[in-house]
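Offset between the sequence shown (1-based) and the working numbering: plus 1306. A quick write-up on the structure given underneath.
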Amino acid sequence: MPLVPPPAPRRSSPAADVPSSAVLVANQPEWSVGDLASALKRTLEDAFGHVRLRGEISGFRGQHGSGHAYFSLKDGNARIDAVVWKGTFNRLRQKPQEGLEVVATGKITTFPGKSSYQIVIESLEPAGVGAWMALLEERKRALAAEGLFAAEHKRAIPFLPQVVGVVTSPTGAVIRDILHRLEDRFPRPVLVWPVRVQGDGAADEIAAAIRGFNALPPGGPIPRPDVLIVARGGGSIEDLWAFNEEAVVRAAFESRIPLISAVGHETDTTLIDFVSDRRAPTPTGAAEMAVPVRADLAVALDDLTRRRRGAVERKLDRLAADFRSALRAMPDADAFLAGKRQRLDLAEARLAPALAGNARAFRERFSRVLDRLARHPPELVLERARARLSAIDHRPRQALANHASRKGDALSALGHRLVVARTTTLRRA
């Protein structure tokens, strides 16, 4: 592309004696440094515009204090400066790493202050499957070290969820396969949270959908799912990369709703598979994990009902047999009652004589008691008892008085002797 013409020339034509080649050069208009730099900038930008540039990152030392990032892209033959503005850096799906081979998409431009050209990067991605896999393994190790993939965090999938939540693209075969399989097995209400499943912004949408389902209050106007399916169809590692992003992995780990991942085909593996509660080989397989087969449940219920009915019938048969055996072991009722009646008759026959004999015996004992009372009236008995009691009471009193009298006489005699002895002693003195 031709250069933009410079401003009008600033000096006159050359002298006639100057060689022709010099005359041609001298006739070219003059450029100021700024004009030429601007013209080169426009020419370069118009000629190349946006490009995809493959190379190895070199000289990356993290973000500058301004938030921008500066480094170079190189290969075996050359090097080109690169810059990522602050706003773009924060949106990059793949952040720059020293020595990482990448494909950078951006605009070629010049930096007039240094008379150099550079690429202003707008997006960055690893170059080739090998680079993607290396990045995947590095991220997998880091997340595993945090315990995000530990088995103790896995939750059981509910046997029969009331509501199924699906995070996937609203168009395409995936959502149709899931809905069709759910309808075939056990129709359940399904809530679909539509998201992009690849490209810029896909990871943020998927993470937001998982968190959005978890934010639904139980019993609210929008039913809260009992299980989540996060799904997309197959593709290259670049196509599936949104499901390897840390934002998606952490959202799945933090989900309080059991989550089934179904990303790609059976041979595809993404990081969300390691953190989910169950991993399905396909979206159809995820639907099969989410709900049982209603027809199978009906057959199982019928079989259980038959077995339970049979068990009850067998129990009743055993009880009936035991009852019949007990009846056979019991004696004949008439014979049993006849014997009891005979014993009752015998007892009745013995009862009248026994009562008469007992009455005579009691009368005789009563008569003897009356005779004893007549011979020994209670008044006489009481008088004799009082006399004996009085005699018993008098004897201790008399004995005590006699004892006290003797002790008094002894004390008197002792006192007299003591007086005589004292008098004698005084006289001698």
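Backbone N, C-alpha and C define an ideal beta-carbon position, used for all residues, glycine too. If you're wondering where the values come from, they're calculated on a predicted model, not measured in any experiment.
Can you name the residues that DSSP bridges to Phe1377? Here residue 1377 refers to the residue found at position 71 of the sequence shown. DSSP output for Phe1377 lists Ala1388 as bridge partner(s).
Which residue's Cα is closest to the Cα of Val1473: Val1503, Ala1716, Asn1396? Along the sequence shown, read from residue 1 onward, the residue named residue 1473 stands at position 167. The option with the nearest alpha carbon to Val1473 is Val1503.
Cα-Cα separation between Arg1753 and Gly1507, rounded to whole angstroms: Residue coverage of the chain in this structure runs from 1307 to 1735, which leaves residue 1753 outside it and unanswerable.
Collapsed DSSP secondary structure at Val1605 in the structure displayed: Against the sequence shown, residue 1605 aligns to sequence position 299. Val1605: helix per DSSP, three-state reduction.
Output the residue ranges of the alpha helix (DSSP H) runs that lie fully inside the segment 1567-1597 and measure 4 residues or longer, sorted by chain position. 1577-1581, 1589-1596
Locate the alpha helix (DSSP H) running through Ser1542, then write down its first and last residues. Along the sequence shown, one-based indexing puts residue 1542 at 236. Here Ser1542 belongs to no alpha helix (DSSP H), and DSSP marks it neither H nor E.
Would you mind working out which of Val1496, Ala1665, Arg1678 sits nearest Val1597, comparing C-alpha positions? The sequence position of residue 1597 within the sequence shown is 291, counting from 1. Here the closest residue by C-alpha is Val1496.
How many angstroms separate the CA atom of Ile1463 from the CA atom of Lys1413? Your numbering for residue 1463 matches position 157 in the sequence shown. Your numbering for residue 1413 matches position 107 in the sequence shown. Roughly 49 Å between the two C-alpha positions.
Applying the criterion that 16 or more other CB atoms from any shown protein chain within 10 Å of the CB defines a buried residue, is Ala1648 buried or exposed? Against the sequence shown, residue 1648 aligns to sequence position 342. Note that residue 1648 corresponds to Gln in the displayed sequence, not to Ala. Exposed, since its Cβ has fewer than 16 Cβ neighbours within 10 Å.
C-alpha distance - Thr1394 paired with Asp1490, whole-angstrom precision: One-based indexing of the sequence shown puts residue 1394 at position 88. One-based indexing of the sequence shown puts residue 1490 at position 184. Whole-angstrom Cα-Cα distance: 47 Å.
Indicate whether Val1536 and Leu1565 have their beta-carbon atoms separated by less than 8 Å. In the sequence shown, the residue the question calls residue 1536 occupies position 230. In the sequence shown, the residue the question calls residue 1565 occupies position 259. The answer is yes: Cβ separation under 8 Å.
What residue range is occupied by the uninterrupted beta strand (DSSP E) comprising Phe1417? On the sequence shown, position 111 is the one that residue 1417 refers to. If you look at Phe1417, you'll find it in the beta strand (DSSP E) that goes 1407-1417.
Would you call Ile1481 buried or exposed, if buried means 16 or more other Cβ atoms sit within 10 Å of its Cβ? Taking the first residue of the sequence shown as position 1, residue 1481 is located at position 175. Counting Cβ neighbours within 10 Å, Ile1481 comes out buried, since at least 16 surround it.
Among all the DSSP beta bridges, which residues are the ones paired with His1356? As a working mapping, residue 1356 is identified with position 50 in the sequence shown. Per DSSP, Lys1413.
Would you call the segment 1366-1377 and the segment 1436-1446 touching, i.e. three or more CB-CB distances under 8 Å? no
Let me know if Ser1542 comes out buried or exposed under the rule of 16 or more other beta-carbons within 10 Å of its beta-carbon. To locate residue 1542, count along the sequence shown from 1; it is residue 236. So Ser1542 ends up on the exposed side.
6 Å CB neighbourhood of Gly1361 in its chain, flanking five on each side removed: On the sequence shown, residue 1361 is found 55 positions in, with the first residue counted as 1. Taken in chain order, the residues that qualify are Leu1379, Lys1380, Asp1381.
CB of Glu1428 within 8 Å of CB of Val1409, strictly: Walking along the sequence shown from the start, residue 1428 turns up at place 122. Walking along the sequence shown from the start, residue 1409 turns up at place 103. Taking 8 Å as the Cβ cut-off, Glu1428 and Val1409 do not qualify as a contacting pair.
Helix, strand or coil for Thr1477? Go by DSSP, reduced to three states. Walking along the sequence shown from the start, residue 1477 turns up at place 171. Reduced to three states, the DSSP call for Thr1477 is coil.
What residue does the beta strand (DSSP E) around Glu1428 start on, and which one ends it? Start at 1 with the first residue of the sequence shown, and residue 1428 comes out as number 122. Start and end: 1422-1432.
For Val1533, which residues in the same chain have their Cβ closer than 8 Å to its Cβ, ignoring the five residues on either side in sequence? Position 227 of the sequence shown holds residue 1533. Around Val1533: Ile1463, Pro1464, Pro1467, Val1470, Gly1471, Ile1563, Pro1564, Leu1565, Ile1566, Ala1596.
According to DSSP, which residues form a beta bridge with Trp1337? Against the sequence shown, residue 1337 aligns to sequence position 31. For Trp1337, which the question treats as bridged, DSSP gives no partner whatsoever.
Give me the DSSP bridge partner(s) of Ile1528. One-based indexing of the sequence shown puts residue 1528 at position 222. Note: Ile1528 sits in no beta bridge, so no partner.
Measure from the alpha carbon of Arg1538 to the alpha carbon of each residue in Ala1553, Arg1530, Pro1500, Pro1529, then state which is nearest. Counting from one through the sequence shown, the residue named residue 1538 turns up at place 232. For Arg1538, the nearest C-alpha among the options comes from Pro1500.
Is it buried or exposed, Asn1333, if we count other Cβ atoms within 10 angstroms and call 16 or more buried? Counting from one through the sequence shown, the residue named residue 1333 turns up at place 27. The residue in question, Asn1333, is exposed, as its Cβ has fewer than 16 Cβ neighbours within 10 Å.
Assigned exposure category for Ala1658 - 16 Cβ within 10 Å defines buried: Taking the sequence shown and counting its residues from 1, the one referred to as residue 1658 is at position 352. Ala1658 comes out exposed.
On a CA-only basis, which of Arg1624, Asn1396, Glu1560 is nearest Gln1369? Give me that one, please. Start at 1 with the first residue of the sequence shown, and residue 1369 comes out as number 63. Selection Arg1624, Asn1396, Glu1560 evaluated against Gln1369 yields Asn1396 as nearest (Cα-Cα).
At what residues does the beta strand (DSSP E) containing Val1496 begin and finish? Counting from 1 along the sequence shown, the entry for residue 1496 is found at position 190. Segment 1496-1500, the beta strand (DSSP E) holding Val1496.
Please confirm whether any heavy atom of the ligand FMN lies closer than 7 Å to the CB of Thr1349. Among the components of this structure there are no ligands whatsoever, and the ligand FMN is therefore not found.
Quick check: the Cα distance between Asp1387 and Leu1346, rounded to an integer number of angstroms? To locate residue 1387, count along the sequence shown from 1; it is residue 81. To locate residue 1346, count along the sequence shown from 1; it is residue 40. Distance between the alpha carbons of Asp1387 and Leu1346: 17 Å.
For Ser1364, write down the residues that DSSP places opposite it in a beta bridge. Stepping through the sequence shown from its first residue, residue 1364 is reached at position 58. Ser1364 is bridged to Ser1378.
Nearest by alpha-carbon distance to Ala1589: which of Ser1422, Val1569, Gly1371, Ser1718 is it? Position 283 of the sequence shown, counting from 1, holds the residue named residue 1589. Per the sequence shown, the amino acid found at residue 1589 is Pro instead of Ala. Cα-wise, what sits closest to Pro1589 is Val1569.
Under 8 Å between the Cβ atoms of Glu1404 and Ile1363? Sequence index remark: in the sequence shown, residue 1404 carries index 98 (1-based). Sequence index remark: in the sequence shown, residue 1363 carries index 57 (1-based). Contact: yes.
Determine whether the Cβ of Val1503 lies closer than 8 Å to any Cβ atom of chain C. Of the protein chains in this structure there is only one, and it is not chain C.
Report yes if the C-beta distance between Tyr1423 and Leu1342 is below 8 Å; otherwise report no. In the sequence shown, the residue the question calls residue 1423 occupies position 117. In the sequence shown, the residue the question calls residue 1342 occupies position 36. Cβ atoms of Tyr1423 and Leu1342: not closer than 8 Å.
When burial is assigned at 16 or more other CB atoms within 10 Å of the CB, is Trp1511 buried or exposed? Here the question's residue 1511 lines up with position 205 in the sequence shown. For clarity, residue 1511 is Glu in the given sequence; the question names Trp instead. Looking at its Cβ environment, which holds 16 or more other Cβ atoms inside 10 Å, Glu1511 is buried.
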